[in-house]
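Down below is the structure, laid out as structure tokens.
Residue numbers (this note's numbering): 759 to 1086.
So this is what it looks like as structure tokens:
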């Protein structure tokens, strides 16, 4: 099956079929005739022929830090929805939170036939920025913000502020902080600053003895809470940098016969789907991850289609969802 055959069956010229396949102008009447023939025959354009005509192969690379993360899955879902609607396929690269893997995949996608790249950054370094600046193809940074790269990022500072403020409003005065490494600008540094600013705004001084740095998962949260308990410091509220950490924290508290929210209130950033189902349901601040993925995809498409010439950043909104873990 060729374009010539489709054209003959639809009663139009091969050039008209080509314009239809490449989103050029075709009258509505001819467009409908071509659509019907393609639907009846199951015709699929040759990718290699399309690439020769357009210079595009309709593939994009997406680099993610880990696939067993709900926020990452939501961002990928947002990316996929927009890209699929635009006729693009995705090559997904999972780095397992390894910096060298991130750099390796950035090099692979820079030198191979993808039309653009979306990079979910974590521990951004000069090596990352140097690589991204060397790109001759469009690239969008997702979940971090850098001035030299088009970026879609989340309001991590405000999310942490809101999650801390709700503890303060619920009469918590000795609030513990369980976060991640400050090398991660978004989840680590910005959320810690949001926490400390909220405490300061309400005239409380953050206590380093109540602060624990850990990794991202439920098991890490459990271990961080155990460390906090072993220190013997008092606390009546716990801010957690992620919902997964919070689930581990509440499990540890339960095993140590500490009742949430009666004795200790807990809040977190990231409106994990389990938050409403957990016992007790967890107070969270949502970050619009799926929307962020869609915005990153739309930004990349604009760059690919040369509709965007300036480096711009897009910040997503956040929203508090109070549940039983912080209620009186």
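We put the beta carbon where it would ideally sit given N, CA and C, even for glycine. Given the structure is predicted, the values throughout are model-derived calculations rather than measurements.
Nearest-angstrom beta carbon gap, residue j and residue i [assumed within contact, 8 Å]
i, j, result
"residue 796", "residue 761", "With a Cβ gap of about 11 Å, residue 796 and residue 761 do not count as contacting."
"residue 769", "residue 791", "6 Å"
"residue 1035", "residue 924", "Incorrect: roughly 20 Å between the Cβ atoms, too far for contact."
"residue 936", "residue 1003", "6 Å"
"residue 1027", "residue 918", "6 Å"
Pair within 8 Å by beta-carbon distance, residue i and residue j
i, j, result
"residue 956", "residue 926", "yes"
"residue 921", "residue 1025", "yes"
"residue 1070", "residue 908", "yes"
"residue 1016", "residue 1007", "no"
"residue 1001", "residue 1040", "yes"
"residue 1074", "residue 1052", "no"
"residue 817", "residue 871", "yes"
"residue 841", "residue 1055", "yes"
"residue 904", "residue 939", "no"
"residue 853", "residue 863", "yes"
"residue 849", "residue 878", "no"
"residue 726", "residue 928", "Residue 726 is absent from the structure shown; the chain starts at 759 and stops at 1086."
"residue 933", "residue 993", "yes"
"residue 857", "residue 881", "yes"
"residue 1048", "residue 835", "yes"
"residue 910", "residue 1064", "no"
"residue 1076", "residue 1031", "no"
"residue 962", "residue 931", "yes"
"residue 825", "residue 851", "no"
First through last residue of the alpha helix (DSSP H) which encompasses residue i
i, result
"residue 884", "884 to 891"
"residue 842", "828 to 843"
"residue 1010", "1001 to 1013"
"residue 1041", "Counting along the chain, residue 1041 falls outside any alpha helix (DSSP H), though it belongs to the beta strand (DSSP E) covering 1041 to 1044."
"residue 789", "786 to 799"
"residue 764", "761 to 768"
Residue i: first and last residue of the uninterrupted beta strand (DSSP E) it sits in
i, result
"residue 1026", "1023 to 1027"
"residue 818", "817 to 822"
"residue 1076", "From DSSP, residue 1076 is part of no beta strand (DSSP E); its letter is neither H nor E."
Burial state of residue i, where buried means 16 or more other Cβ atoms lie within 10 Å
i, result
"residue 1058", "buried"
"residue 865", "exposed"
"residue 988", "exposed"
"residue 950", "buried"
"residue 811", "Because the pLDDT of residue 811 is 49, which lies under 50, any placement of that residue in the model is unreliable, and the question is left without a value."
"residue 981", "buried"
"residue 778", "buried"
"residue 952", "buried"
"residue 755", "Missing from the structure shown is residue 755; the chain here goes from 759 to 1086 and no further."
"residue 886", "buried"
"residue 1050", "buried"
"residue 860", "buried"
"residue 1018", "buried"
"residue 913", "buried"
"residue 829", "buried"
"residue 794", "exposed"
"residue 1086", "exposed"
"residue 774", "buried"
"residue 968", "buried"
"residue 990", "exposed"
"residue 798", "exposed"
"residue 883", "exposed"
"residue 784", "buried"
"residue 916", "buried"
"residue 1023", "buried"
"residue 873", "buried"
"residue 906", "exposed"
"residue 942", "buried"
"residue 978", "buried"
"residue 1014", "exposed"
"residue 832", "buried"
"residue 946", "buried"
Runs of alpha helix (DSSP H) wholly within the segment 942 to 998 (minimum 4 residues, chain order): Every alpha helix (DSSP H) stretch that sits fully inside the segment 942 to 998 and reaches 4 residues is listed by chain position as 949 to 959, 976 to 989.
In chain order, each alpha helix (DSSP H) run of at least 4 residues that lies wholly inside the segment 846 to 934: The segment 846 to 934 is shown to contain whole alpha helix (DSSP H) runs of 4 or more residues at 857 to 869, 884 to 891, 914 to 927, in chain order.
4 or more residues per run - each alpha helix (DSSP H) lying fully within the segment 1047 to 1073: Listed in chain order, the complete alpha helix (DSSP H) runs (minimum 4 residues) inside the segment 1047 to 1073 are 1047 to 1062.
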